[in-house]
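Going by my numbering, the sequence shown opens with residue 8, and the numbers climb by one from there. Virtual Cβ for every residue (Gly too), placed ideally from N, Cα, C.
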Amino acid sequence: METGKKRKKRAVGAGLAAAVLAMSVCTAYAADGSQSQSMQLTIQKDASYTMSIPKSQNIVFGTVDTEIGSLSVTGEIGTKQEVRVSVDTTEFTDTADAGNHFPFALWQGSGVFTGKTWSSKELEDGGTSVPLTVHIPSEIWGKTSPGTYRAVITFAAELADTQ
């Protein structure tokens, strides 16, 4: 048998549960017996992508074209979005004498690489990779003094809305 105290606790608990349910339900009243209501459902899935760049490379002195690997982007983005990758390079600079430097070109195929844009469709299909080459003409090598030279290639990726 239940004691009076237990019955009161159950009654209070049931009352609180009914109040919580009542707060999450919309109620509509209609004098003619018809009524209509709607509710909104929302789901959010964030876009994500990964940019992969070549590892550090050693360039053999005198080599005009050195393949350094591929740039690629993979991921899942919105249908009205794209991933834009830009590139910035420094000149090769002598580590012992900053005044001693020479230029190079970063190529994709036989032309200068300035960046690439990946669409949501391209990423959905697995993305594409861009093979990259460091191009240093023979005449540049002929004017280069002995030393240890370093250059930096910086890739910047951004998720953007399509135009």
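Thinking C-alpha only, which one of the options is nearest residue i?
i, options, result
"residue 152", "128, 105, 53 and 170", "105"
"residue 109", "43, 100 and 117", "100"
"residue 157", "51, 64 and 122", "64"
"residue 133", "116, 57, 170 and 92", "57"
"residue 118", "67, 170 and 139", "139"
"residue 137", "163, 102 and 76", "76"
"residue 98", "159, 116 and 163", "159"
"residue 62", "78, 115, 39 and 102", "78"
"residue 165", "39, 86 and 55", "55"
May I have the straight-line CA-CA distance separating residue i from residue j, to the nearest angstrom?
i, j, result
"residue 167", "residue 47", "27 Å"
"residue 147", "residue 53", "47 Å"
"residue 112", "residue 95", "11 Å"
"residue 116", "residue 144", "15 Å"
"residue 87", "residue 50", "17 Å"
"residue 120", "residue 60", "14 Å"
Spatial neighbours of residue i within its chain, please: C-beta separation below 6 Å, excluding the five flanking residues on both sides.
i, result
"residue 81", "57 and 134"
"residue 124", "89 and 91"
"residue 163", "93"
Who are the near neighbours of residue i in its chain, counting only those whose CB is closer than 8 Å to its CB and skipping five residues on each side?
i, result
"residue 122", "91, 92, 93 and 94"
"residue 7", "Past the edges of the chain, shown from 8 to 170, lies residue 7, and the structure says nothing about it."
"residue 114", "72, 120, 139, 140, 141 and 142"
How many whole angstroms separate the CB atoms of residue i and residue j, which I take to be in contact at a CB cut-off of 8 Å?
i, j, result
"residue 107", "residue 154", "6 Å"
"residue 169", "residue 89", "5 Å"
"residue 176", "residue 141", "Outside the displayed span of the chain (8 to 170) sits residue 176, for which this structure offers no information."
Does at least one heavy atom of the ligand GDP sit under 6 Å from the Cβ of residue i?
i, result
"residue 56", "Summarising the ligand content, the structure contains no ligands, and the ligand GDP is consequently not present."
Would you verify that the beta carbon of residue i is, or is not, closer than 7 Å to some beta carbon of chain C?
i, result
"residue 133", "Annotation note: the requested chain C is absent from the structure, which comprises a single protein chain."
Exercise for review: Please determine if the stretch 61-72 and the stretch 119-132 are in contact, where contact requires at least 3 C-beta pairs separated by less than 8 Å.
Suggested key: no
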